[in-house]
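Working notes for the structure below.
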Amino acid sequence: MFLSNTAQRPLQAWTTPRSMLSYPFLTPHSFLHPEEGEKCGLLLDSSSSLLFSLLLAQLPVFTSASPVPHRRTSDLDKLSNQTRNLMKLTQELLKEHAFDSDVESHRFRSLPEMSNRSASDLSNLELKPTLSQLHADLKLYEHHFEWLNRVSKRHQHPAVPKLGEMIKEMKSLISLLHRQMQRIEAPKLTNPTPSLPPHLPYHFDVLQSSHELLQHFKLFCDWAYRAFLSLKPKASAVQ
21 MFLSNTAQRP LQAWTTPRSM LSYPFLTPHS FLHPEEGEKC GLLLDSSSSL LFSLLLAQLP
81 VFTSASPVPH RRTSDLDKLS NQTRNLMKLT QELLKEHAFD SDVESHRFRS LPEMSNRSAS
141 DLSNLELKPT LSQLHADLKL YEHHFEWLNR VSKRHQHPAV PKLGEMIKEM KSLISLLHRQ
201 MQRIEAPKLT NPTPSLPPHL PYHFDVLQSS HELLQHFKLF CDWAYRAFLS LKPKASAVQ
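Letter by letter, the sequence shown follows residues 21 to 259 in my numbering.
Quick look at the structure:
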């Protein structure tokens with residue numbers, strides 16, 4: 021009776037049982053025939069390499085799934101950005117309807133006074149009083165520009181669409197500023213409502229009124245934008 025080649029060659033682990041105990045690094049495939057053990061080792065090495073490759077392939081997924089820190093935009097940043105947008109709209113309206121001659125000024129006595137506000141005062145501004153005053157000023161400008169929008173429609177002024185967009189942005193800024201005032205408990209100031217003429221008889225009067233209001237409001241937006249930026253550290257300390 022002939023035995024197979026495997027049967028004719030006894031297992032290596034059986035022939036040296038005592039030597040096994042002195043080699044703790046023996047692996048499971050040490051109990052197999054050397055050739056078979058080598059094949060098993062290759063399979064294990066291949067499986068480990070495949071698993072390692074799969075783990076490496078998943079690294080970008082794990083990285084993208086991790087939350088990315090997001091910088092929260094502060095309320096003063098939002099206020100300054102909206103004020104800058106308003107100033108840009110104002111400049112566009114002035115550019116589209118520029119005057120070749122001098123325009124009569126001081127037609128509106130009820131506009132906020134800007135001559136007493138300078139850049140040197142920005143570093144000394146207090147948070148609550150400044151926000152309250154800016155809110156009251158914006159409400160006053162809102163009243164004037166809504167009046168201008170009404171009289172411009174009667175004369176079919178070409179600036180009416182952009183003027184309406186500007187009033188919409190102004191209302192949004194007023195609402196945002198009011199929410200910030202409520203958050204820090206700043207008082208709300210009220211100005212007396214100015215009386216404006218119900219209509220302007222001539223188209224040129226509309227142009228002059230538009231130009232004066234836009235020029236005045238541009239100065240206000242420039243100062244308010246700088247004021248919001250200078251107040252940002254103080255607002256962060258309060259919140």
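Beta carbons are placed, not taken as given, at the ideal position from N, Cα and C, and that holds for glycine.
Within the same chain, Cβ atoms closer than 6 Å to the Cβ of residue 254 are found at 147, the five residues on either side in sequence being excluded. Contact between the stretch 137-147 and the stretch 217-225 is absent: fewer than three C-beta pairs spanning the two stretches fall below 8 Å. The closest CA to that of residue 190, considering only 162, 198 and 201, is found on 162.
Looking at 113, 245, 251 and 155, the one whose alpha-carbon comes closest to that of residue 229 is 113.
Residue 256 is positioned such that its CB atom lies no closer than 7 Å to that of residue 145. At a Cβ-Cβ threshold of 7 Å, residue 244 and residue 110 do not count as neighbours. Between the alpha carbons of residue 197 and residue 175 lies a distance of about 33 Å. The straight-line gap separating the alpha-carbon atoms of residue 168 and residue 99 is approximately 24 Å. Counted as a single uninterrupted DSSP element, the stretch harbouring residue 141 is not any alpha helix (DSSP H), since DSSP gives it neither H nor E.
With a 10 Å radius around the Cβ and a threshold of 16 neighbouring Cβ atoms, residue 223 comes out exposed. The continuous alpha helix (DSSP H) containing residue 246 extends over residues 223-258. Sorting 212, 209 and 183 by C-alpha distance to the C-alpha of residue 231 places 183 at the top.
Measuring C-alpha to C-alpha distances from residue 207 to each of 152, 115, 132 and 101 identifies 152 as the nearest. Taking the Cα positions, residue 166 is about 30 Å away from residue 252.
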